[in-house]
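Counting from 10, one number per residue, gives the positions in the sequence shown under the working numbering.
We put the CB at the ideal spot given by N, CA and C, even for glycine.
Note that the structure is a prediction, hence the values are computed from the model and not measured.
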Amino acid sequence: MVDENFVDDTIHTYLSIIGGKWKPEILWHLRKSPLRFLELQRSIPRITQSVLTQNLRELEADGLLTRTAYPEIPPRVEYELTDLGKMVFPVLDAISTWGREYMKMKDLGDIPGR
10 MVDENFVDDT IHTYLSIIGG KWKPEILWHL RKSPLRFLEL QRSIPRITQS
60 VLTQNLRELE ADGLLTRTAY PEIPPRVEYE LTDLGKMVFP VLDAISTWGR
110 EYMKMKDLGD IPGR
């Protein structure tokens, strides 16, 4: 038997760390390789600089990515997923698959209750 409180707590924990409008997209763009701030910002055109900065700080504080500042001129900073950050991809892949199926059903007018 599944403990419902455990499930609620684990889902809440996941959503509190990964949820929101931008974090899944930020993680998705870091999936293949480290990126610099401007590369991330260009890959997510609707995000503001301050919102991207805040989300990157939160993801770093939660241990999902690292920020590496190189002592160069001009300064160079890269963001890279940690092993913990890479662990979210089976869930993001499942969400992506679900979203794709939902969009197909919606386009066909095949969503129950609508």
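Is residue j closer than 8 Å to residue i when the C-beta atoms are compared?
i	j	result
Ile35	Leu65	yes
Leu39	Leu93	no
Gly72	Thr57	no
Pro33	Leu101	yes
Between which two residues does the beta strand (DSSP E) containing residue i stretch?
i	result
Leu74	74–79
Would you mind giving the Cβ-Cβ distance between residue i and residue j, rounded to the nearest angstrom? I have them listed as a contact below 8 Å.
i	j	result
Trp37	Val60	Wrong, their Cβ atoms sit about 16 Å apart, outside the cutoff.
Tyr88	Pro43	6 Å
Arg51	Val86	In fact, because the Cβ distance is near 15 Å, the residues do not count as touching under 8 Å.
Glu67	Arg76	Rounded, the Cβ-Cβ distance is 12 Å, inconsistent with contact.
Ile120	Met114	5 Å
Can you check DSSP and say which residues form a bridge with residue i?
i	result
Leu90	Leu74
Leu44	Tyr88
Can you tell me where the alpha helix (DSSP H) holding residue i begins and where it ends?
i	result
Thr106	98–116
Leu36	32–38
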